[in-house]
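S.K.: Take 2 as the starting number for the sequence shown in the numbering used here and just add one per residue. Note that beta-carbon positions come from the ideal geometry of N, C-alpha and C, so glycine has one too.
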Amino acid sequence: MQTLDQLTQGSVQRPLVTTDQPLVIAGRIFQSRLMTGTGKYRTLDEMGESITASGSQIVTVAVRRVQTNAPGHAGLAEAIDWSRIWILPNTAGCQTAEDAVRVARLGREMAKLLGQEENNFVKLEVIPDPKYLLPDPIGTLAAAKQLVKEGFAVLPYMNADPILARHLEDAGCVTVMPLASPIGSGQGLKTAANIQIIIENAQVPVVVDAGIGTPSEAAQAMEMGADALLINTAIAQARNPAAMALAMSLATEAGRLAYLAGRIPYRAYGSASSPLTGTITS
C-alpha cells in the first residue's frame with residue numbers, strides 16, 4: 002500500500018496508454034489540468050501541503066485578501082514557491098465591472114512583485130449577489146472587454162450560459178470558466194447540460210469552476226470533455242485537505258483519460274461480453 006508521500010512523489014509508475022496534448026492557455030503550457038485555490042484553509046501549512054499533493058501548476062489568489070492581509074491570507078504570498086507555481090490573481094469581492102478592472106490591475110502588479118514579470122493572467126469575478134454568489138453576466142462581459150484591451154489574459158468566471166461563453170470568447174478571453182453549481186456549495190454538476198454545450202462549441206479551454214464536491218464529480222466533468230478544473234473549497238474544507246487534493250488530482254487525470262479513450266454507447270438492452278458461438282449444450 003503506497004503512502005500519501007509516496008504517491009505525491011510520483012513513485013507509482015503507470016504505463017503510458019495514450020498521448021495527450023498539454024493544457025495551453027494564452028500560449029503558456031501546463032501539464033496539470035487541475036487548478037487550485039488558496040482560500041478557506043485552516044492553516045497555511047495545510048494549504049501548502051494540498052497544493053503540492055494536487056500537482057497544480059496554477060493557483061488562484063484573491064488580490065483583495067492579500068492586499069488587506071485578511072484572515073487566512075496574511076503571509077500567503079510568502080508561503081508558496083512562485084518559481085514553481087503560476088499565480089492566477091482573481092478579482093473576488095468585486096461587485097462591479099469597474100471595481101474588477103481596478104483590482105485586476107493590482108493583481109498584475111502583485112504578480113510582478115512575486116517575480117512573474119510576464120504574468121498577465123487574471124481570473125475575472127464580478128459577483129454582486131451575496132447570497133448565491135452568482136456572477137453578473139453583463140458586468141463580467143464589460144470588464145472582460147476592457148481588460149483584454151489592456152493586454153490581460155482573461156479567464157472569466159461565469160454562469161453556465163453557452164451564449165455568454167461565445168460572447169466572452171469573441172471578446173478575446175483565453176478561457177471560459179462556467180460554474181458547476183454555486184461557489185462553495187459542493188452541489189456538484191448541476192449545470193452539466195449547459196456545460197456540455199459550451200464544451201462542444203468553445204474554441205478556447207473550458208475550465209469547470211465552482212461547486213465540485215467530490216472526486217467522482219471532478220472525473221465526471223473531465224469525462225464530458227472539460228479541459229481543466231478549478232477546485233478550492235472541496236479540498237480546503239476536507240478533513241484531510243492534502244489527501245483530498247491528491248484524490249482530486251487522480252480524478253482529473255482519470256476523467257481526462259476516460260474522455261480520450263471514449264466511452265461505450267448507451268444501449269436499451271444488455272449486450273453479452275462473452276461470445277455466443279461454441280457454447281456448451283446438453
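Does the Cβ of R264 have 16 or more other Cβ atoms within 10 Å, making it buried, or fewer, making it exposed?
M.R.: One-based indexing of the sequence shown puts residue 264 at position 263. Exposed, since its Cβ has fewer than 16 Cβ neighbours within 10 Å.
S.K.: Straight-line CA distance for S186 to N233?
M.R.: To locate residue 186, count along the sequence shown from 1; it is residue 185. To locate residue 233, count along the sequence shown from 1; it is residue 232. So the two alpha carbons sit approximately 11 Å from each other.
S.K.: Closer than 7 Å by C-beta to I200: which residues in its own chain qualify, once you throw out the five before and the five after it? Chain order, please.
M.R.: Sequence index remark: in the sequence shown, residue 200 carries index 199 (1-based). Correct list, in chain order: V207, M225, G226, A227.
S.K.: Under 9 Å between the Cβ atoms of P183 and A166?
M.R.: Walking along the sequence shown from the start, residue 183 turns up at place 182. Walking along the sequence shown from the start, residue 166 turns up at place 165. No.
S.K.: Drop a sphere of 10 angstroms on the beta-carbon of P266, count the other beta-carbons inside from all chains shown, and report buried for 16 or more, exposed for fewer.
M.R.: Here residue 266 is taken as the residue at index 265 of the sequence shown, counted from 1. So P266 ends up on the exposed side.
S.K.: Using DSSP bridges, identify the partner residues of V62.
M.R.: By one-based count along the sequence shown, residue 62 stands at place 61. In DSSP, V62 forms a bridge with P90.
S.K.: Rounded to whole angstroms, what's the CA-CA distance from A269 to S55? Just pull it up for me.
M.R.: Taking the sequence shown and counting its residues from 1, one reaches residue 269 at position 268. Taking the sequence shown and counting its residues from 1, one reaches residue 55 at position 54. Each residue's alpha carbon lies about 39 Å from the other.
S.K.: Using only the heavy atoms of the ligand ATP, determine whether one of them is closer than 8 Å to the beta carbon of G152.
M.R.: Because no ligand of any kind appears in the structure shown, any question about the ligand ATP cannot be addressed here.
S.K.: Within 10 Å of its beta-carbon, does S272 have 16 or more other beta-carbons around it, so buried, or fewer, so exposed?
M.R.: Here residue 272 refers to the residue found at position 271 when the sequence shown is read from its first residue. By the 16-neighbour rule on beta-carbons within 10 angstroms, S272 is exposed.
S.K.: Who are L180's beta bridge partners in DSSP?
M.R.: Sequence index remark: in the sequence shown, residue 180 carries index 179 (1-based). Among the bridge pairs identified by DSSP, L180 is matched with D210.
S.K.: Locate the beta strand (DSSP E) running through L24, then write down its first and last residues.
M.R.: As a first step, residue 24 is located in the sequence shown; it is residue number 23 there, counting from the start. Per DSSP, L24 belongs to the beta strand (DSSP E) from 24–26.
S.K.: Of the choices T215, L125, G28, G49, whose alpha-carbon is the least far from that of I139?
M.R.: Taking the sequence shown and counting its residues from 1, one reaches residue 139 at position 138. Closest option to I139, Cα to Cα, is L125.
S.K.: Skipping 5 residues on each side, what residues in its chain have a beta carbon closer than 6 Å to that of D46?
M.R.: Looking up residue 46 in the sequence shown gives position 45. Correct list: empty, nothing qualifies.
S.K.: Leaving aside the five residues before and after A63 along the sequence, list all residues of the same chain whose C-beta is less than 6 Å from its C-beta, in chain order.
M.R.: Against the sequence shown, residue 63 aligns to sequence position 62. Only N91, A93 meet the Cβ criterion.
S.K.: With distances taken from CA atoms, which of R103, E79, V102, P131 is nearest L114?
M.R.: The count along the sequence shown starts at 1 and reaches residue 114 at position 113. It is E79.
S.K.: If you drop the 5 nearest sequence neighbours on each side, which residues of the same chain put their C-beta closer than 7 Å to that of L148?
M.R.: Within the sequence shown, numbered from 1, the residue matching residue 148 stands at position 147. A distance below 7 Å between beta-carbons, with the five flanking residues on each side excluded, links L148 to the following residues of its chain, in chain order: V102, A105, V123, L125, V155.
S.K.: If I measure Cβ to Cβ from P242 and keep anything under 6 Å in the same chain, skipping five residues before and after, which residues do I get?
M.R.: Locating residue 242 in the sequence shown gives position 241, counting from the first residue. Here the set comprises E47, S51, I236.
S.K.: Assign M159 to one of three DSSP states: helix, strand, or coil.
M.R.: Here the question's residue 159 lines up with position 158 in the sequence shown. Strand.
S.K.: Which residues bound the beta strand (DSSP E) around T37?
M.R.: The residue given as residue 37 occupies position 36 in the sequence shown. In the DSSP assignment, T37 falls within the unbroken beta strand (DSSP E) covering 35–38.
S.K.: Since I believe I88 is in contact with N121 (beta carbons under 8 Å), could you give me their beta-carbon distance rounded to a whole number of angstroms?
M.R.: Taking the sequence shown and counting its residues from 1, the one referred to as residue 121 is at position 120. Taking the sequence shown and counting its residues from 1, the one referred to as residue 88 is at position 87. Contact doesn't hold; Cβ gap of about 11 Å is too wide.
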